[in-house]
Amino acid sequence: MLSFRPNVEIGLGDDLTTVAANFEFVYWIPIRRTAWNIYAGGGPALNVYRFDRGRNDDTNTEPGFNVLIGLQHYRGVFAEFKLGLIDSPEIKFGLGFSF
Numbered sequence: 000m001l002s003f004r005p006n007v008e009i010g011l012g013d014d015l016t017t018v019a020a021n022f023e024f025v026y027w028i029p030i031r032r033t034a035w036n037i038y039a040g041g042g043p044a045l046n047v048y049r050f051d052r053g054r055n056d057d058t059n060t061e062p063g064f065n066v067l068i069g070l071q072h073y074r075g076v077f078a079e080f081k082l083g084l085i086d087s088p089e090i091k092f093g094l095g096f097s098f
């Protein structure tokens, strides 16, 4: 089954804050006799990077694309791995809850 899975991610680092709006589609692969499902997909992203450099603060907005694979429990808990293309962060690993 194919579904639209929009999401927002926030990343905090040393003098850098990243906010990503992702517009992803995923294909669900059920695992028999278990409460877990695998999903894989991808989609475009809008990435906002804010650099904290004292007086020289800077903000950049860049397009990107994500390719992902994940595992989700039927109650909403999930883990996923993303590879970023274009100007998205190269590698992301996330844990979360979907409702």
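In terms of numbering that gives the first Met the number 0, the sequence shown is residues 0 to 98.
A virtual CB, placed ideally from N, CA and C, is assigned to each residue, including glycine.
Item	Value
Mind checking residue 44: buried by the 16 CB within 10 Å criterion, or exposed?	buried
Report yes if the CB atom of residue 49 is closer than 7 angstroms to the CB atom of residue 60, and no otherwise.	no
Which first and last residues belong to the beta strand (DSSP E) in which residue 99 is found?	This structure gives no information on residue 99, because the portion of the chain shown stretches from 0 to 98.
To the nearest angstrom, how far is it from the Cα of residue 75 to the Cα of residue 54?	43 angstroms
Figure out for me which residue from 81, 31, 56 has the closest Cα to the Cα of residue 24.	81
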